[in-house]
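Notes for the one structure printed next.
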Amino acid sequence: MPELPEVEVVRRGLDQWVARRVISGAQVLHPRAVRRHAAGPADFADRLAGRRVTAVRRRGKYLWLPLDGGSALLAHLGMSGQLLVQPGRAPDEKHLRVRLTFDDTARGELRFVDQRTFGGLSVHRLTGDGVPEAIAHIARDPMDPAFDEDAFHDALRRRATTLKRALLDQTLISGVGNIYADEALWRARLHYDRPAGSLTRRRTAELVRHIREVMAAALAAGGTSFDSLYVNVNGQSGYFDRSLDVYGREGLPCRRCGTPVRRRPWTNRSSYFCPRCQRPPR
DNA sequence: TATCCGACCTGTTGGC
DNA sequence: TGCCAACAGGTCGGAT
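For the record, in the first sequence the residue sitting at position 81 is 1158 according to the numbering used here, with numbers rising by one throughout.
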């Protein structure tokens, strides 16, 4: 499932295969895929036709393609989204939602394929910071060199919520999902239900370091699933699964202490943790 | 105003 | 074998 590291792999692929090309047209095959484009599918297509992609950017799990003229094509892969560069003659995928064609047809077309339709595409103006207006409220992600660790700590201290909720709040820190939240908390020996405001500055710094390390490891693993002709996100790729320490490992021994990993229902999802390494708050 | 929680969506898995 | 419920989870909007 696409997480920040996989989105970054997609960004690199798009930078190679789509950047600097001119979009000739957009075909929306499922309106839900452009639901975040308030003016509708026809307007979405109108705003892309004839525009040149000038770069490929990412913040957290969002990707965007700045276009000449000052707008950008924004993409979120949701849970099952893929952005594929395919030859135009290739048969349509079962869950193909949007097709972008380019004036240099020989280099293929860009397809947005999304089984569960949680992801989507939209076109927005860019703010002065070069970020699409629709995601201007999203915090920087921990892989961003400009991520402000002190500001993150101060924001945590102000929050009357629990640690994992705070990690999943994209306005505090972006790019962290359920899997990497559990993995980073395990590495930091912190319980998910601990009050967000209870960490010292040093402990916050440790947690951020663990988030970065687990994401960097996943990015390195995700990069191996690519071949050179193809921008591919394989949501079912098991490559990094083998490196996970707690997520999805209910009942299996903790890799640190051997205690069986537990799974607890948590806001319509699951939290995985080691009951010995990660003591619950009193 | 801040925080919480259900709905959205579809394929897979497991239980009966 | 077939049916059904549970599950996966990021984001948004309504509820508290």
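For every residue, glycine included, the Cβ atom is placed at its ideal position computed from N, Cα and C.
Closest residue to residue i among the options (Cα-Cα distance)
{"i": "Y1349", "options": "S1275, I1256, G1158", "result": "I1256"}
{"i": "P1337", "options": "G1325, N1345, R1242, D1169", "result": "G1325"}
{"i": "F1179", "options": "V1130, H1114, R1202, T1281", "result": "V1130"}
{"i": "R1342", "options": "C1331, Y1269, L1081, D1206", "result": "The question names Arg, but residue 1342 in the sequence shown is Pro. Comparing Cα positions, the closest option is Y1269."}
{"i": "S1101", "options": "P1108, T1194, R1176", "result": "R1176"}
{"i": "A1297", "options": "L1151, R1097, S1320", "result": "S1320"}
{"i": "V1084", "options": "S1199, L1173, M1220, A1216", "result": "M1220"}
{"i": "G1090", "options": "R1166, L1173, A1258, V1162", "result": "V1162"}
{"i": "R1135", "options": "R1088, S1347, P1118", "result": "R1088"}
{"i": "R1109", "options": "G1146, E1080, F1189, W1094", "result": "F1189"}
{"i": "E1186", "options": "D1206, V1099, S1275", "result": "V1099"}
{"i": "L1160", "options": "Y1139, G1146, L1144", "result": "Y1139"}
{"i": "G1146", "options": "L1276, D1246, G1207, P1079", "result": "G1207"}
Residue i in three-state terms, based on DSSP
{"i": "F1041", "result": "Summary: the structure shown does not reach residue 1041, with the chain confined to residues 1078 through 1359, and so no result is reported for it."}
{"i": "T1204", "result": "coil"}
{"i": "S1348", "result": "strand"}
{"i": "L1160", "result": "strand"}
{"i": "S1148", "result": "strand"}
{"i": "R1289", "result": "helix"}
{"i": "R1359", "result": "coil"}
{"i": "L1262", "result": "helix"}
{"i": "F1229", "result": "helix"}
{"i": "E1283", "result": "helix"}
{"i": "R1129", "result": "strand"}
{"i": "F1121", "result": "helix"}
Residues that DSSP places opposite residue i in a beta bridge
{"i": "Y1139", "result": "R1136, H1153"}
{"i": "P1337", "result": "P1330"}
{"i": "A1103", "result": "L1177"}
{"i": "P1209", "result": "L1203"}
{"i": "V1087", "result": "Its beta-bridge partners do not exist; DSSP assigns none."}
{"i": "T1239", "result": "P1272"}
Pairwise C-alpha distance: residue j and residue i
{"i": "L1249", "j": "A1183", "result": "43 Å"}
{"i": "G1300", "j": "H1114", "result": "Low local confidence applies: a pLDDT of 39 at G1300 is under 50, so the model's placement there is unreliable, with the coordinate-based value given in what follows. Those two C-alpha atoms are separated by around 31 Å."}
{"i": "L1142", "j": "R1280", "result": "36 Å"}
{"i": "R1340", "j": "G1127", "result": "50 Å"}
{"i": "R1264", "j": "M1156", "result": "24 Å"}
{"i": "R1174", "j": "C1334", "result": "46 Å"}
Given 8 Å as the limit, is there contact between the segment 1269-1285 and the segment 1226-1234, that is, 3 or more CB pairs closer than that?
-> yes
Does the pairing of the segment 1113-1123 with the segment 1131-1138 give three or more beta-carbon distances under 8 Å?
-> no
When the Cβ atoms of the segment 1194-1201 are set against those of the segment 1230-1248, are three or more pairs found closer than 8 Å?
-> no
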